[in-house]
Structure formats: structure tokens, C-alpha cells
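First the structure, in the form of C-alpha cells, and then the observations on it.
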Amino acid sequence: MKMHPGLNTTLAIVMPTYNRAEFVDFFLKKHIERLKLFNIGLYISNNASTDNTLEVIAYWKNKYEFIFVKSLTKTVTSDENIENAVFMPNSKYIWILGDSYEILPSVLDGILGTLVGSNEYDFILTNLVGRYRHNTEIVYNNKNLVIDELTPIIACISCNIINRKLISHPRFEKYRGTDFGIVGFVLDYIASNHFSLLFCRDLSVVTLKTPVRKVGWPSRFFEIMFYNWPSFVANLPDVYSDRSKDIAKKLLVTHSGLLSWRSLLHIRGANGLNFKLLGENKNSVLKLCGKVIFCYMFFLCLIPSVICKVFAGAIEWIRRKRYQLIRLINPKLDI
Numbered sequence: 002m003k004m005h006p007g008l009n010t011t012l013a014i015v016m017p018t019y020n021r022a023e024f025v026d027f028f029l030k031k032h033i034e035r036l037k038l039f040n041i042g043l044y045i046s047n048n049a050s051t052d053n054t055l056e057v058i059a060y061w062k063n064k065y066e067f068i069f070v071k072s073l074t075k076t077v078t079s080d081e082n083i084e085n086a087v088f089m090p091n092s093k094y095i096w097i098l099g100d101s102y103e104i105l106p107s108v109l110d111g112i113l114g115t116l117v118g119s120n121e122y123d124f125i126l127t128n129l130v131g132r133y134r135h136n137t138e139i140v141y142n143n144k145n146l147v148i149d150e151l152t153p154i155i156a157c158i159s160c161n162i163i164n165r166k167l168i169s170h171p172r173f174e175k176y177r178g179t180d181f182g183i184v185g186f187v188l189d190y191i192a193s194n195h196f197s198l199l200f201c202r203d204l205s206v207v208t209l210k211t212p213v214r215k216v217g218w219p220s221r222f223f224e225i226m227f228y229n230w231p232s233f234v235a236n237l238p239d240v241y242s243d244r245s246k247d248i249a250k251k252l253l254v255t256h257s258g259l260l261s262w263r264s265l266l267h268i269r270g271a272n273g274l275n276f277k278l279l280g281e282n283k284n285s286v287l288k289l290c291g292k293v294i295f296c297y298m299f300f301l302c303l304i305p306s307v308i309c310k311v312f313a314g315a316i317e318w319i320r321r322k323r324y325q326l327i328r329l330i331n332p333k334l335d336i
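What follows is the structure, given as C-alpha cells:
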């Protein structure tokens, strides 16, 4: 694709962040040259970070003119920070990207090729680490199919590209504080409007192989997965059937990778999983995950958290070293 003489007006990337200077630095190091190729604006919403996030951004702004930052004066919820980021650019399409995800060069090229085509879409979803390949359609116009098949992908903010013409404050405000504001925005819009949603099955965002693993949310694991998520889905518009809502509740838990054996090992290592929490959430875990996951959680609780932390760290270290070795051998390989 040809170079743009000025700021790209077709696509902008927005990135919400909070006290993650090391991740922001690594993200920018990985993406700057890719963004320069197409003059894509990167808009960062800084959620009143108290670390050196602004210093990191200032360093990279000297290397790329199309980095823009807006710092909030007080810390807000993650949903509000994402909302703030989405309203920053004026491009036709807005790609929301977390600071722990990566857009590979071939994927960026593929998305841009799609955006400049003759078709216009309300929403575009990328795949997530190539995880979803069973879906029945590529272009979705049926809201029930979207909630039945794509909910886990929408729940990953980095898979979402939104047509700017759809953005409205009331729809965002409705789902503030749920931890799933973007999911609410998408599903609320398509519930009452004709829409065109493109699922790019063969174009995936991947996790950014940072030197250290992100802390994540082990301390809120049960709250988010087994209380906030089911409550959020239950309160979606009534046009979604109870059957579809039940499917969506289970899909995020079973198909997102958030409850993989490695993730649960990491959560146990951070003491976000213990007998007390498992007992308090037993019914929800069994209902959404089934007996196999529940038994694995129970087994992990038998192991001291410090041992799980050591094993989780060792596994992560091996995976990242393997990735670095592969990229050292073949720097141009898209993985």
C-alpha cells in the first residue's frame, strides 16, 4: 500500500493505559516503524498514571510525530479510560488496542486493505491469536449470531475496530463500571440497529511478548468472571433471548483462554485462587465452567501458591525465550 503524505484519516489506533510504563515502552518500540509506514495516528489515554508513563511517551513522540496523549486528572474506571481514548481521533475507523497486544505487519496491511475497499462496515473484529475458526459467517448482519458466536472476541478490546460515526456518549455511559464497556457498546448498538460486522477470521492480534508478564487481574478474577460478567450479560437488551445470553455467559469463560491451565496456574500463584474464593463461587464455576475446570481449580488450591508462582514464572520464561529465539533466527517471521 502507498504511503500517506499526512496523518492517516482512514484508521487510528487508540490505547488506554494505567501505570504500565514498561509495557507502553515495549509496545511503542515494537509498533512505531509499522505505524510510520502508513502515518497512522496513535492516541494514548493516560489514566492519571503515577509512574513514568508520560516520560516514556515523550521519548517516543520525538521519534514519531503522530503520537498523541491525553492525561486524565484523576483515575477512572477502565471503561471510562477506553471511552476517553475512543473519542480522541477523528479518523473514519478507530482500532482499540491494549498495551499488551501486538499488531503484526501483515495483519496491519490486511486491515488497511479491507478499510480502503468498497464496503463500509460498522464494526470490524480481528481474530485473537488465531483462536476462532469455526464461525459460520464472515460478515454478520444477525445480532443473535453475533452474541452466540463472537462474544469472547468482542470482550478482548484489542480485537475491536469501530466506525467512528457510531460513537455516542449515552451508549458508553450505560455500561460504565461493568468491566465490559466495549462489549456493551457493540451489543447494545446492534440490538436496535441494522448493522454490518466484519469478522476477519484470518487476521489476528497476538499477545505482546513483553520481557515480563503483565500483572493482570488475579485479585479480581472471581469478581469479574463469575459475578460481573454474568450480571452484565443478564442486563443486555431484552431482544437477546435467554438462550443467547446463557451461551454468551459460558463462551467467555470457556473459549477466551482466560481459564486455560496456564492462566489458572498464574492466578493461583498470585493468590487470586484459594479454597475460600472457590467455595464462595462454587455454583457459578460449576454452572459456567463444568466439573473439569472446577476440579482443576480445586487441585491447584491444594498446592501452595508460592510453588504455583514459581512454576508459572518458569513456564512463562521458557515460552518467551523460545519466542525470542525464533525471532532471532527469522526476524521477519509473523508470529
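Position one of the sequence shown corresponds to residue 2 (our numbering), numbered consecutively onward. For glycine and all other residues, C-beta sits at the position ideal for the given N, C-alpha and C. Owing to the predicted nature of the structure, the values given are computational and were not obtained by experimental measurement.
Backbone CA spacing between residue i and residue j [nearest angstrom]
i, j, result
"I14", "L29", "12 Å"
"L279", "K37", "48 Å"
"N20", "N53", "8 Å"
"K246", "Y44", "34 Å"
"D80", "T18", "11 Å"
"L180", "N85", "Per the sequence shown, residue 180 should be read as Asp rather than Leu. Between D180 and N85, the C-alpha separation is close to 15 Å."
"K210", "I41", "22 Å"
"N236", "I162", "24 Å"
"L113", "M16", "18 Å"
"I304", "V87", "43 Å"
"F300", "S107", "41 Å"
"G306", "E66", "The residue you asked about is not Gly; residue 306 is Ser in the sequence shown. Answer to the nearest angstrom: the Cα atoms are 46 Å apart."
"D203", "L109", "12 Å"
"G111", "N120", "14 Å"
"A156", "G7", "33 Å"
"L252", "V147", "12 Å"
"K144", "E23", "39 Å"
Residues near residue i in its chain [Cβ-Cβ closer than 7 Å; skip 5 each side]
i, result
"D26", "V57"
"S197", "Y122, D123, V140 and N142"
"W61", "L29, I33 and I68"
"F295", "V286 and L287"
"K3", "Its pLDDT being 45, under 50, K3 is placed unreliably in this model, and the value from its coordinates should be taken loosely. Hits under 7 Å: none found."
Distance between beta carbons of residue j and residue i, contact taken as under 8 Å
i, j, result
"Y94", "R165", "7 Å"
"V254", "L287", "With 8 Å as the limit, V254 and L287 do not qualify as a contact, their Cβ atoms being about 11 Å apart."
"K71", "N47", "7 Å"
8 Å Cβ cutoff met for residue i and residue j
i, j, result
"C309", "L260", "no"
"H32", "I104", "yes"
"Y176", "G182", "yes"
"L151", "F200", "yes"
"S205", "G118", "no"
"P238", "A271", "no"
"L12", "S101", "no"
"N185", "F222", "For clarity, residue 185 is Gly in the given sequence; the question names Asn instead. Going by C-beta atoms, G185 is not nearer than 8 Å to F222."
"S264", "G273", "no"
"I168", "P219", "no"
Spatial neighbours of residue i in its chain, beta-carbon cut-off 6 Å, leaving aside the 5 residues before and after
i, result
"Q325", "none"
"A49", "L73, K75 and T76"
"V99", "Note on residue identity: the sequence assigns Gly, not Val, to residue 99. Here the set comprises I158 and S159."
"S285", "F227"
"D149", "S245 and I248"
Same chain, Cβ closer than 8 Å to residue i, five either side skipped, listed in chain order
i, result
"F312", "L266 and G270"
"P231", "K250, S285 and L289"
"H256", "R132, Y133 and P153"
"E281", "F223"
"A59", "none"
"L126", "L151, I154, I155, C160, N161, I162, L198, L199, F200 and C201"
(message) My parser needs the alpha helix (DSSP H) runs of 4 or more residues fully inside the stretch 126-203; what are they?
(response) 144-150, 152-156, 170-174 and 182-193
(request) Quick one: which unbroken alpha helix (DSSP H) runs of 4-plus residues sit fully inside the stretch 275-315? Chain order, please. (result) 276-281, 283-290 and 292-303
(message) Report the start-end ranges of each alpha helix (DSSP H) in the stretch 17-81 that is 4 residues or longer and not cut off at the edges.
(response) 22-39 and 54-62
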